[in-house]
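K.L.:
Chains A and B supply the protein sequences, listed in that same order. Reminder that position 242 of the first sequence reads as 242 in the working numbering, one-by-one numbering, no gaps. Reminder that position 201 of the second sequence reads as 1201 in the working numbering, one-by-one numbering, no gaps. Yeah, the Cβ is synthetic: ideal placement off N, Cα and C, and Gly gets one too.
Number of protein chains: 2
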Amino acid sequence: MGGVSQYSERTARPRAERARHVADLLRQQITDDAFPGGLLPDEGTLGRHLGASRNAVREALGLLREEGLVTRRRGVGTSVVAPKLGHGLDRLAGLAETLAGHGTVTNEVRVAETVSATAAVADRLEVEPGDDVVRIERLRRLDDQPLSLDTSYLVADVGRRVLDADLVHRDVFAVIEEVTGGRLGRAEVAVHAVNADAGTARLLDVPAGAAVFAIERSTFLPGGRVVDVESLRIRADRLTLRATLHRGPAAG
Amino acid sequence: MGGVSQYSERTARPRAERARHVADLLRQQITDDAFPGGLLPDEGTLGRHLGASRNAVREALGLLREEGLVTRRRGVGTSVVAPKLGHGLDRLAGLAETLAGHGTVTNEVRVAETVSATAAVADRLEVEPGDDVVRIERLRRLDDQPLSLDTSYLVADVGRRVLDADLVHRDVFAVIEEVTGGRLGRAEVAVHAVNADAGTARLLDVPAGAAVFAIERSTFLPGGRVVDVESLRIRADRLTLRATLHRGPAAG
């Protein structure tokens, strides 16, 4: 008891907070592809559905426009720029594999070369500094729209054979599996959100400073050997990371 | 064959790209808590370790400072602001549970009330519009530093009893489990990266526009009934989302 009474009651919520709540609900619906044809209802209808004033709805739509999720045009209304795509965090999959059915992934190969491992790369790839490693950088597009800027370092024996493959159309994961003759094992993934620096923003075709995912991923063969370490920059206005989490038994 | 020759070779990489690569490597090391005492080596040492020029290192440290990861002080050098904390995306856990051992999580309860479900909230909670639901908004701090702004909507029968619990110190998940007398089942999670609006930024104590995680999470009881839907805003300069992904068998 006594739980509620100690909290400050706010009957008049600041408008900015109401707008944020409305934006959260709308983002969810946009992500779930809830608007047929990508056209949102008018502000009054949205307000009734969301339990919000027209002002809060207008402000929320402004936030979503800044996120690059919707466009607003006089006489037309508010449209979803493009449905956000889901990239599963449940299992290890390449981008082209994940987006099969949503369009064609093509890669601009910006770097594909053998280099000497710096100490930092050597650490991550579990080789010696100065050892040959293969570096691949690709700008990945879905139907001509940039989605992801991927830098990969691969161990030399596998990487050299990956260099011979069709890096314009294929996932590196698929190529590694072809080269090694078996499935990959697991990956350790760290997901960051960062403001895009000017160079990254230009390549990904987003405003400088736009929030993007920065993902560090180390991929291992089934035996536990690390084969590929990557830094990915992914447009967050176009891709959502999704996972199903299970609670499992209590610890201890 | 013919793989490499078709790619444009770039021997002179633009400095901004080199800086981004160096920043990626350093972010990884900061996340892995690789600098004892949080003090980074000088630019020359870092450059040798990372295989980069002092200029590229300086520019990379500038990017990381803008991300809020490091501070630079004349005569002292570059320090990690605070180690980035990992929040697992492998299993369902509350923030206080995840951060046990890293400090004390306390929650400023900004809203804790029974409200009528709007159509949008009713959809997500699988109740009828107008039904009572419980809304809780908390600003969550780790050792007095804001980490996360969480808005939860709970089904009324569970939520009313959650309102009586100690929401200042406890995870809502733990309270739900106490109230229902069993473990939670699973959650469906969608992770977005967005630029913080001014109000959120002020509450989380980050610059307006800073990249933050926006997470939508629906949590289910073991029988499959949805019990809690949440919108979380999480500081991305302080928290990294981590997962181990398994490849599994080939589809089809």
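Are the C-beta atoms of A/V158 and some chain B residue less than 8 angstroms apart?
P.N.:
It does not; no Cβ of chain B falls within 8 angstroms.
K.L.:
Would you mind sorting A/D24 into buried or exposed? The rule is 16 or more other CB atoms within 10 Å of its CB.
P.N.:
Its Cβ being crowded by 16 or more others within 10 Å, A/D24 is buried.
K.L.:
Output yes if chain A places a C-beta closer than 8 angstroms to the C-beta of B/S1231; else output no.
P.N.:
For B/S1231, the answer is yes, since a Cβ of chain A falls inside 8 angstroms of its Cβ.
K.L.:
Tell me which residue opens and which closes the beta strand (DSSP E) that B/T1114 is part of.
P.N.:
1105-1116 is the span of the beta strand (DSSP E), which, as asked, contains B/T1114.
K.L.:
Mapping DSSP to helix, strand and coil, what is B/G1088?
P.N.:
B/G1088: strand per DSSP, three-state reduction.
K.L.:
Check B/V1158 in the structure and name its three-state DSSP category.
P.N.:
If DSSP states are grouped into helix, strand and coil, B/V1158 belongs with the helices.
K.L.:
Could you pull out every residue in the same chain whose Cβ sits closer than 7 angstroms to the Cβ of B/A1060, ignoring the five residues on either side in sequence?
P.N.:
So the qualifying residues of the chain are A1019, V1022, A1023, L1026.
K.L.:
Where do the N-terminal and C-terminal ends of the alpha helix (DSSP H) with B/H1049 fall, by residue?
P.N.:
Counting along the chain, the alpha helix (DSSP H) containing B/H1049 begins and ends at 1043-1050.
K.L.:
Just to make sure I have the definition right: I need the residues of chain B whose C-beta is within less than 8 angstroms of the C-beta of A/A119. Which are they?
P.N.:
Per Cβ cutoff of 8 angstroms: R1048, H1049, L1050, G1051.
K.L.:
Note down, in chain order, every chain B residue with its Cβ under 9 angstroms from the Cβ of A/P146.
P.N.:
Those within 9 angstroms of A/P146 in chain B number zero; the least Cβ separation is about 15 angstroms.
K.L.:
Closest to A/D132 by CA distance: which of A/R124, A/L142, A/D157 is it?
P.N.:
Minimum Cα distance to A/D132 is reached at A/D157.
K.L.:
Specify, as a first and last residue, the run of the beta strand (DSSP E) that A/F220 falls within.
P.N.:
Segment 211-220, the beta strand (DSSP E) holding A/F220.
K.L.:
Does A/R225 come out as helix, strand or coil in the three-state DSSP assignment?
P.N.:
Correct three-state label for A/R225: coil.
K.L.:
Do the region 28-42 of chain A and the region 70-86 of chain A make contact, defined as three or more Cβ pairs closer than 8 angstroms?
P.N.:
Contact holds: three or more Cβ-Cβ distances are below 8 angstroms.
K.L.:
Taking Cβ positions, are B/P1206 and B/A1196 nearer each other than 8 angstroms?
P.N.:
Contrary to the premise, residue 1206 of chain B reads as Val rather than Pro in this sequence. The answer is yes: Cβ separation under 8 angstroms.
K.L.:
Would you mind giving the Cβ-Cβ distance between B/H1246 and A/L92, rounded to the nearest angstrom? I have them listed as a contact below 8 angstroms.
P.N.:
Correct: roughly 6 angstroms between the Cβ atoms.
K.L.:
For the region 207-228 of chain A, enumerate the residues whose C-beta is nearer than 9 angstroms to any C-beta of chain B, in chain order.
P.N.:
Residues G209, A210, A211, V212, F213, A214, E216, R217, T219, P222.
K.L.:
Which whole-angstrom value is the C-beta distance of B/T1151 and B/L1184, which I expect to be below 8 angstroms?
P.N.:
Contact flag wrong, Cβ pair sits at about 18 angstroms.
K.L.:
What ranges does the alpha helix (DSSP H) occupy inside the region 1124-1176 of chain B, keeping only unbroken runs of at least 4 residues that lie completely in it?
P.N.:
As far as the region 1124-1176 of chain B is concerned, its whole alpha helix (DSSP H) runs of at least 4 residues are 1156-1162.
K.L.:
Which residue's Cα is closest to the Cα of A/R15: A/A211, A/I30, A/A52?
P.N.:
Among A/A211, A/I30, A/A52, the Cα nearest to that of A/R15 belongs to A/A52.
K.L.:
Three-state secondary structure (DSSP) at A/R242?
P.N.:
Reduced to three states, the DSSP call for A/R242 is strand.
K.L.:
Any idea what DSSP makes of B/A1187, helix, strand or coil?
P.N.:
The answer is strand: DSSP assigns B/A1187 an E or B state.
K.L.:
Check this for me: beta carbons of B/L1125 and B/A1117, under 8 angstroms apart or not?
P.N.:
Yes, these two residues count as a Cβ contact at 8 angstroms.
K.L.:
Any idea which residues DSSP pairs A/E230 with across the strands?
P.N.:
Partner(s): A/S152, A/R217.
K.L.:
Given B/R1072, which residues of its chain have a CB within under 7 angstroms of its CB, disregarding the five upstream and five downstream residues?
P.N.:
Hits under 7 angstroms: L1061, R1065, T1078.
K.L.:
Measuring straight from C-alpha to C-alpha, what distance separates B/A1012 and B/V1134?
P.N.:
With a pLDDT of 45 at B/A1012, under the threshold of 50, the modelled position of that residue is not reliable, and the figure given next carries that caveat. Cα-Cα distance, rounded: 59 angstroms.
K.L.:
Can you name the residues that DSSP bridges to B/R1072?
P.N.:
B/T1078.
K.L.:
Per DSSP, what are the beta-bridge partners of A/H192 in this structure?
P.N.:
According to DSSP, which records beta bridges pairwise, A/H192 is partnered with A/A214.
K.L.:
Is it right to say A/R54 is buried, meaning 16 or more other beta carbons lie within 10 angstroms of its own, or is it exposed?
P.N.:
Classification for A/R54: exposed.
K.L.:
Roughly how many angstroms separate the alpha carbons of B/R1140 and B/G1047, rounded to a whole number?
P.N.:
Cα to Cα, B/R1140 sits roughly 38 angstroms from B/G1047.
K.L.:
Can you pull the chain A residues whose beta carbon is under 8 angstroms from the beta carbon of B/N1195, in chain order?
P.N.:
Simply E66, E67, N195, G209, A210, A211.
K.L.:
Taking all protein chains shown into account, do 16 or more other C-beta atoms lie within 10 angstroms of the C-beta of A/A112, making it buried, or fewer, making it exposed?
P.N.:
By the neighbour-count rule (16 or more Cβ atoms within 10 Å), A/A112 is buried.
K.L.:
DSSP state of B/R1058, grouped into three classes?
P.N.:
Here B/R1058 sits in helix by DSSP.
K.L.:
Inspect the beta-carbon positions of A/E216 and B/Q1028 and report whether they are closer than 8 angstroms.
P.N.:
Yes, they are a contact pair.
K.L.:
With a threshold of 8 angstroms between beta carbons, is A/R72 in contact with chain B?
P.N.:
False, the Cβ-Cβ gap to chain B never drops below 8 angstroms.
K.L.:
State the Cα-Cα distance for the pair A/L241 and B/R1233, rounded to the nearest angstrom.
P.N.:
Approximately 15 angstroms, taken between the alpha carbons.
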